[in-house]
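Enquirer:
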Amino acid sequence: MPLSDVAIRNAKPREKSYKMGDSLGLFLLVQPSGGKLWRFKYRVLRREKKLALGIYPDISLSEARRRRDEARQMIAHGRDPAREKQLEKHRAFMEAANTFAAIADEYCRKRRRDGARAWAPATAKRSEYLLSQLSISIGRLPVTDIGPADVLAAIRKIEAKGNHESARRTLQLASGVFRYAVATVRLDSDPTRDLRGALIVPKVTHYGAVIDPKEVGELLLAIDDYEGHVVTKLALQIAPHVFVRPGELRHAEWGEIDLEAAVWTIPAEKTKMRKPHHVPLSLQVIELFRSLQMFSGNSGYAFPSIRSRKRPMSDNTLNAALRRLGYASDEMTGHGFRAMASTLLNESGLWSPDAIERALAHGDTDRVRAAYHRGTHWKERVKMAQWWSNHLDELRAKGKKPR
């Protein structure tokens, strides 16, 4: 006879477990502890199997029968309900592990060691920060549950603060995380692919740079009169001569600088293009570096932090020093020394554009051209480095007293 709710409620525990049959393989297992467990008995490939359907009274009689009927439908279609239950648990576990935050962390770790495409330390730090802001909203969600509206709503919180460039960059990073999830077979498609054009286009701003020869002379004189920390002053004095990226200057280590050979070799992992960059050193730069050794030693960072020699100078130190000298951010920045050199070297007409581009360590989109130029122009660059330092001295001599 089929079971009834009254019969189930009145069932008392015994010394041993016993079964109360319902119909079509469904039965209730009454345990000595008093617990009542729903079970479904069936056969697959002539093997008898049992499927747990839940605990009474959490699972009522009618619900137990519904679950039994679902299992019978699976069997009718050649599927094993116990196996399907295991797969469902596995899928749920994988979804819980494959949250946006977890995959974003995995993606960032991959990009940090991604060969020639690896992020620079500064890029990695910035990218991880932006993704952490996005994770506040969607970090705990499985990537399979995240739709375009979820991503857009999260990014618009960043955009609403007026951080339009950060919002644009965060959307790019989110797309990278989702495409990585697709590539690692954890997601079918990137939900951000149709969000192009949804954000406010940020206004393009250029680094402040002094490029007028007369004003360059005034800037150099102002730097010579800088009254802040001596290592900061030397960094400001060296920067216009070598015109490397500010991050490359800050992270310079004495082991990379050969004053006898007059060359500074910036390793690939510290450059934007992920290729070693060799900087020829003029006589003036060698003298400045020798002065620097008196304050920062002969090992470790050439421009250490004031607080700890184990860390490089802060990324805002040079810009803050320029502000102290009276230069606003739209007038001159640490990055502006590159624009200064590029402009005046090209205007001189004395040096080939390719040599100037190599000195600036700009990437070449043509791989064949890049391979050809990698070892060329060195002799011209050595001559150009000395000419450039001499030219800066001439501009300084013609400059007026600093502001």
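All the letters of the sequence shown, read from the start, carry residue numbers 2 to 404 under this note's numbering.
Note that CB positions come from ideal geometry on N, CA and C, so glycine has one too.
Keep in mind that this is a model prediction, so the values were computed, not measured.
1) Measure the Cβ-Cβ separation of Arg-187 and Val-144 and say whether it is below 9 Å.
2) Roughly how far, in whole angstroms, is the beta-carbon of Leu-222 from the beta-carbon of Thr-193, given that I think they are within contact range, below 8 Å?
3) Are the beta-carbon atoms belonging to Asp-195 and Phe-179 less than 9 Å from one another?
4) Taking Cβ positions, are His-378 and Asp-355 nearer each other than 9 Å?
5) Hey, Ser-283 and Ala-362 are a contact pair by Cβ (cut 8 Å); roughly how many whole angstroms apart?
6) State the Cα-Cα distance for the pair His-278 and Gly-337, rounded to the nearest angstrom.
7) Please state the DSSP three-state secondary structure of Pro-268.
8) Between which two residues does the alpha helix (DSSP H) containing Ile-357 stretch?
9) Quick check: what's the CA-CA separation for Ala-105 versus Pro-149?
10) With DSSP collapsed to three states, give me the class of Ile-201.
11) The alpha helix (DSSP H) that contains Trp-389, what's its start and end?
12) Quick check: Pro-14 and Gln-32, are their CB atoms within less than 9 Å of each other?
13) Closest to Arg-324 by C-alpha separation, out of Gly-229, Ala-125 and Glu-89, would be which residue?
14) For Lys-42, which beta-bridge partners are listed by DSSP?
15) Helix, strand or coil, according to DSSP, for Lys-17 in the structure here?
16) Leaving aside the five residues before and after Glu-381 along the sequence, list all residues of the same chain whose C-beta is less than 7 Å from its C-beta, in chain order.
17) Please state the DSSP three-state secondary structure of Leu-29.
18) Under the DSSP definition of a beta bridge, which residues are partnered with Ile-56?
19) Consult DSSP for Tyr-108 and reduce its assignment to one of helix, strand or coil.
20) Tell me whether the beta-carbon of Tyr-302 lies closer than 9 Å to the beta-carbon of Trp-255.
21) Leaving out five residues before and five after Arg-170 in sequence, what residues of the same chain have Cβ atoms less than 7 Å from its Cβ?
22) Along the alpha helix (DSSP H) that carries Pro-277, what are the first and last residues, could you check?
23) Let me confirm a value: Val-7 is counted as buried when at least 16 other C-beta atoms fall within 10 Å, else exposed. Which label applies?
24) Tyr-302 bridges to which residues according to DSSP?
25) For Leu-396 and Asp-316, what's the separation of their Cα atoms in angstroms?
26) Mind reading off the beta-carbon distance from Arg-69 to Leu-88? Whole number of angstroms is fine, and I expect it under 8 Å.
27) Going by the beta-carbon positions, is the gap between Leu-250 and Leu-319 smaller than 9 Å?
28) For Pro-3, which three-state DSSP category applies?
29) Which partner residues of Thr-100 appear in the DSSP bridge assignment?
30) How would you call Ala-329, buried or exposed, if buried means at least 16 neighbouring beta carbons within 10 angstroms?
31) Any chance you could list the alpha helix (DSSP H) runs of at least 4 consecutive residues sitting entirely within the stretch 152-207, in chain order?
32) Using three-state DSSP, classify Asp-406 as helix, strand or coil.
33) Work out the CA separation of Ser-390 and Asp-259 for me, nearest whole Å.
34) Quick one: what's got a C-beta closer than 7 Å to Ile-287's C-beta in the same chain, skipping five residues either side?
Expert: The short version:
1) The residue you call residue 187 lines up with position 186 of the sequence shown. The residue you call residue 144 lines up with position 143 of the sequence shown. For Arg-187 and Val-144, yes; Cβs fall inside 9 Å.
2) By 1-based counting over the sequence shown, the position of residue 222 is 221. By 1-based counting over the sequence shown, the position of residue 193 is 192. Leu-222 to Thr-193, Cβ: 50 Å. No contact.
3) Looking up residue 195 in the sequence shown gives position 194. Looking up residue 179 in the sequence shown gives position 178. No, the pair does not count as a contact, with Cβ atoms beyond the cut-off.
4) Along the sequence shown, read from residue 1 onward, the residue named residue 378 stands at position 377. Along the sequence shown, read from residue 1 onward, the residue named residue 355 stands at position 354. Closer than 9 Å, so yes.
5) In the sequence shown, residue 283 corresponds to position 282, counting from 1. In the sequence shown, residue 362 corresponds to position 361, counting from 1. The pair is not a contact, with the Cβ atoms about 17 Å apart (cut-off 8 Å).
6) Start at 1 with the first residue of the sequence shown, and residue 278 comes out as number 277. Start at 1 with the first residue of the sequence shown, and residue 337 comes out as number 336. Approximately 19 Å between the Cα atoms of the pair.
7) Position 267 of the sequence shown, counted from the first residue, corresponds to residue 268. The answer is coil: DSSP assigns Pro-268 none of H, G, I, E or B.
8) Reading the sequence shown from its first residue, position 356 is the one you call residue 357. Taken as a continuous stretch (DSSP letters only), the alpha helix (DSSP H) holding Ile-357 covers 354-360.
9) Here the question's residue 105 lines up with position 104 in the sequence shown. Here the question's residue 149 lines up with position 148 in the sequence shown. Roughly 17 Å between the two C-alpha positions.
10) Counted from its first residue, the sequence shown places residue 201 at position 200. Here Ile-201 sits in coil by DSSP.
11) Taking the first residue of the sequence shown as position 1, residue 389 is located at position 388. Segment 379-399, the alpha helix (DSSP H) holding Trp-389.
12) By one-based count along the sequence shown, residue 14 stands at place 13. By one-based count along the sequence shown, residue 32 stands at place 31. Cβ atoms of Pro-14 and Gln-32: closer than 9 Å.
13) As a working mapping, residue 324 is identified with position 323 in the sequence shown. Cα-wise, what sits closest to Arg-324 is Gly-229.
14) Taking the first residue of the sequence shown as 1, we reach residue 42 at position 41. Per DSSP, Lys-51.
15) Walking along the sequence shown from the start, residue 17 turns up at place 16. Coil at Lys-17, not helix or strand.
16) In the sequence shown, counting from the first residue as 1, residue 381 sits at position 380. If we look at Glu-381 and ignore the five residues flanking it on each side, its Cβ neighbours are Trp-352, Ser-353 and Ala-356.
17) As a working note, residue 29 is residue 28 in the sequence shown. Note: Leu-29 maps to strand in three-state DSSP.
18) To locate residue 56, count along the sequence shown from 1; it is residue 55. Ile-56 pairs with Leu-38.
19) Residue mapping note: residue 108 aligns to position 107 of the sequence shown, counting from 1. Correct three-state label for Tyr-108: helix.
20) The sequence position of residue 302 within the sequence shown is 301, counting from 1. The sequence position of residue 255 within the sequence shown is 254, counting from 1. It is a contact, given that the beta carbons lie within the stated cut-off.
21) Along the sequence shown, read from residue 1 onward, the residue named residue 170 stands at position 169. Answer for Arg-170: Leu-131, listed in chain order.
22) As a working note, residue 277 is residue 276 in the sequence shown. Element bounds for Pro-277: n/a, residue is neither H nor E.
23) Here the question's residue 7 lines up with position 6 in the sequence shown. Exposed.
24) Locating residue 302 in the sequence shown gives position 301, counting from the first residue. Bridge partners of Tyr-302: Glu-254.
25) Translated into positions along the sequence shown, residue 396 becomes position 395. Translated into positions along the sequence shown, residue 316 becomes position 315. Each residue's Cα considered, the two are about 28 Å apart.
26) As a position in the sequence shown, residue 69 is number 68, starting the count at 1. As a position in the sequence shown, residue 88 is number 87, starting the count at 1. Between Leu-88 and Arg-69 the Cβ distance is about 19 Å, and since that is not below 8 Å, they are no contact.
27) In the sequence shown, counting from the first residue as 1, residue 250 sits at position 249. In the sequence shown, counting from the first residue as 1, residue 319 sits at position 318. Yes. Within cutoff.
28) As a first step, residue 3 must be located in the sequence shown, where it is residue number 2. Correct three-state label for Pro-3: coil.
29) Translated into the one-based positions of the sequence shown, residue 100 becomes position 99. Per DSSP, Pro-143.
30) Within the sequence shown, numbered from 1, the residue matching residue 329 stands at position 328. So Ala-329 ends up on the exposed side.
31) 165-184
32) Residue 406 falls outside the range modelled here, since the chain spans only 2 to 404, and no answer is possible.
33) By 1-based counting over the sequence shown, the position of residue 259 is 258. By 1-based counting over the sequence shown, the position of residue 390 is 389. Approximately 18 Å between the Cα atoms of the pair.
34) Position 286 of the sequence shown, counted from the first residue, corresponds to residue 287. Same-chain partners within the cutoff: Leu-260 and Ala-263.
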